[in-house]
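These notes concern the structure reproduced below.
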């Protein structure tokens, strides 16, 4: 965890903070904010992140999601309001993305048909298939980033938040004017830029193989990791939705992607292919 | 590799070649060249139908641009085995008779090393496009004669340096020359096995013919049979710059079975700019297998596994860079966005896999391995035999790798430091 308050540019004092959490590095930049307010805001955001890390981490035995995964087979497990909201969101997004975003997608639980059922009246979740589990890893990152960005936006009109580089939210414009320039790094050449997005009150999510070239996103239709070249980047007003869409568009076959994207007003998506010669090709989906 | 897959890959290679002077030999595999060769077949004769010859035959039988019309071997069991694979092919025991066969457009030579030069020279003189297994020759003098025969003629010559057609090597070299690992500061090669390198012989009189790799009359041992492949990496990575000196050592320390070539060697090549390339081989321990690494000032490329490592793994802390820019009143971007990373991995770089579907060859096979570029190489020869167009640069690549192997062998035997000629001599 790191907190820096810089006054080197007297016209634009800026706070920077980072926290290693949710299997990534969360970072916040808060320009033009007094140090005490910045510290307080960062503390509240980090509390939010830590709580989410416990709640949504399926590998943490004491966490709420782990409890669901352990006990929901043919048993109604009651969950709190936020967890139920998250599960409802995920179910809605599953339908809106033709099933390509699916938190139940993993090698063990693959089978046709819906594998988990929500009961809004009793706020419960139940699995219909033994051995299945829910994975909120990617979604939780977008969800918490959205919550954090909203909390920050309530306190300032100028900030940038990034969760590991794969999810970024820009609050307002850059303090020196214009949108925040956020560049997708070239896969092979250190800090070279593959493509630069300009964000103002918008979020960016990037999906693809991880930095080590391994596929880690599961195709719900096959249960296998998606193995293809390139990245998918999505921008839009909600960090939660860009996270969902970048995952779904990475998984979906190319002929279905425009149709999926059209259901989400205000969102744009790109294919980015990094080449070994240091250049990159970009296509708008 | 299926035909379709291979064709798709070759088209990819071809498109790489269009924009790159690094891979001139791939210009024979462009999609246009494929279209021109569609429906045509190179009529091929195979000289030497032992294990490597049969490996090529297996690939050629799947190749739409190949027709095997003749086979030659003076060891009947090998000829019979090849005939079983392609029964319509004519059989010869004397390679000169095969060279007289008017129906043969191209010849593939897979014989012991000592025979390469004369057979290649005779094949080119007979007007045949010729593919010869590596290493090119048994001595520098043979190498020069072979090069001269090709240079003064007008037929295609290709040599079995299959890494030149292996997709992960091609991509790796593009990264090296693109500056992805900074300045090249070292090249490490090793090849470890734990076997006696022997083939079963039907009776003692066949010992030297079947186990030709173990005898100086036929082979230069580990340097020509193994190092030759890896030393070519150096020429490729150093953009054609060749070493100035080689020194080395070797011995027979484990397999004391009458063989004449070393069972362990170590050679160091020094380039004019001070960079060193090493080759080490031991065939009584296989723990480390086969390794080929290009070391740069900013990163390392593992050629065998298709992975690139950074000297300073990027922390993707781009927002921190934005703070620096704001402090200086600069409005600029920062390349921090990308796919997920995990903090627990940040301290130990696991590298970036730069090639998909990598087949990691452990170097255990003396014949060849699936996915090592051999199928693409032999297909490229078929295309060249059809078009009659010599793939640029490939003979020079093979010349240098053979010369480095031969001089390395001499250095290990003499325990001396040898100067390496700066230019091709012929």
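Residue numbers (my numbering), protein chains in the order written: chain F, 1 to 285; chain E, 1001 to 1426. We put the CB at the ideal spot given by N, CA and C, even for glycine. Only a predicted model underlies this, so the values are computations on that prediction, with no experimental measurement involved.
* **Residues of the stretch 1159 to 1183 of chain E whose Cβ lies closer than 8 Å to any Cβ of chain F, in chain order** => 1171, 1174, 1175, 1178, 1179 and 1180
* Find the nearest neighbour of residue 198(F) within the set 237(F), 255(F) and 73(F), judged by alpha-carbon distance. => 237(F)
* **Contacts of residue 1323(E) in chain F (Cβ-Cβ under 8 Å)** => 4, 6, 14, 16 and 29
* Asked: Cβ of residue 1304(E) within 8 Å of Cβ of residue 1157(E)?
  -> no
* What residues from the stretch 1382 to 1412 of chain E come within 7 Å of chain F, judged by C-beta to C-beta, listed N to C? -> Here the close residues number zero.
* Taking 8 Å as the CB-CB cut-off, is residue 171(F) touching chain B? -> Going by chain labels, chain B is absent from the structure shown, which instead holds the protein chains F and E.
* To do: Starting from residue 40(F), find everything on chain E with Cβ-Cβ shorter than 8 Å and list it in chain order.
  => Those do not exist, as residue 40(F) stays about 19 Å from chain E at its closest Cβ, beyond 8 Å.
* Asked: How is the beta strand (DSSP E) around residue 1184(E) delimited, first residue to last?
  -> 1184 to 1192
* To do: Could you list which residues in chain F have their beta carbon closer than 9 Å to that of residue 1354(E), in chain order?
  => 187, 188, 213 and 276
* Which residues of chain F have a Cβ atom closer than 8 Å to the Cβ of residue 1331(E), listed in chain order? -> 174, 176, 177, 178 and 181
* Enclosing alpha helix (DSSP H) for residue 1399(E) [first to last residue] -> 1394 to 1414
* Asked: Among 146(F), 166(F) and 281(F), which one has its Cα closest to the Cα of residue 239(F)?
  -> 146(F)
* Proximity test, Cβ basis, 8 Å: residue 168(F) and chain E -> yes
* Can the beta-carbon of residue 1425(E) be found less than 8 Å from the beta-carbon of residue 1144(E)? -> yes
* **Validate contact between the stretch 1180 to 1192 of chain E and the stretch 1404 to 1416 of chain E using beta carbons, cut 8 Å, 3 pairs** => With the cut-off at 8 Å, the stretch 1180 to 1192 of chain E and the stretch 1404 to 1416 of chain E do not touch.
* Measure from the C-beta of residue 1334(E) to each C-beta in chain F and report whether the shortest distance is under 8 Å. => yes
* Asked: Beta carbon of residue 243(F), beta carbon of residue 138(F): below 8 Å?
  -> yes
* Going along the chain, which residues of its own chain have a beta-carbon closer than 6 Å to the beta-carbon of residue 1342(E), five neighbours each way excluded? -> Here the model assigns residue 1342(E) a pLDDT of 45, short of 50, so the residue's position is not dependable, and the following value carries that caveat. Excluding residues within five positions, none has a Cβ falling inside 6 Å.
* Note down, one range per segment and in chain order, each alpha helix (DSSP H) of at least 4 residues found wholly within the stretch 1061 to 1096 of chain E. => Here the runs fully enclosed are 1076 to 1085.
* Asked: Tell me, which residues are paired with residue 1286(E) by DSSP?
  -> According to DSSP, which records beta bridges pairwise, residue 1286(E) is partnered with nothing at all.
* **Sequence-distant residues of its chain with Cβ nearer than 8 Å to residue 1040(E) (five each side left out)** => 1065 and 1386
* With a cut-off of 8 Å, do at least 3 Cβ pairs link the stretch 1116 to 1125 of chain E to the stretch 1085 to 1093 of chain E? -> no
* To do: Starting from the beta carbon of residue 162(F), find every residue of chain E whose beta carbon is closer than 8 Å, and list them in chain order.
  => 1318, 1319, 1336 and 1337
* Starting from the C-beta of residue 279(F), find all residues in its chain whose C-beta is less than 8 Å away, skip the five residues before and the five after it, and write them out in chain order. => none
* Cβ shell of residue 1032(E) (< 6 Å), same chain only, five flanking positions each side left out -> none
* Does the beta-carbon distance from residue 288(F) to residue 173(F) come in below 8 Å? -> There is no way to answer for residue 288(F), as the model of chain F reaches only from 1 to 285.
* Is there at least one Cβ from chain F nearer than 8 Å to residue 1012(E)'s Cβ? -> Residue confidence for residue 1012(E) is low, a pLDDT of 49 falling below 50, so the modelled location carries little weight and cannot support an answer.
* Asked: On the premise that residue 1161(E) lies in contact with residue 1397(E), defined as a C-beta separation below 8 Å, what is that separation, rounded to the nearest angstrom?
  -> 6 Å
* Does the beta carbon of residue 1327(E) sit closer than 8 Å to a beta carbon anywhere in chain F? -> yes
* To do: Identify the contact partners of residue 1308(E) in chain F, using a Cβ-Cβ distance below 8 Å as the criterion.
  => 188
* Asked: Hey, does residue 192(F) have any beta-carbon neighbour from chain E nearer than 8 Å?
  -> Residue 192(F) has a beta carbon lying within less than 8 Å of a beta carbon in chain E.
* **Spatial neighbours of residue 1228(E) in its chain, beta-carbon cut-off 7 Å, leaving aside the 5 residues before and after** => For residue 1228(E), where only same-chain residues beyond five positions count, the Cβ hits under 7 Å are 1134, 1135, 1401, 1402 and 1405.
* So what does DSSP say about residue 16(F), is it helix, strand or coil? -> strand
* For the beta strand (DSSP E) that residue 2(F) lies in, which residues bound it at each end? -> 2 to 6
* Asked: Is the shortest distance between the beta-carbon of residue 165(F) and the beta-carbons of chain E less than 8 Å?
  -> yes
* Under a three-way DSSP split, which group does residue 90(F) fall into? -> helix
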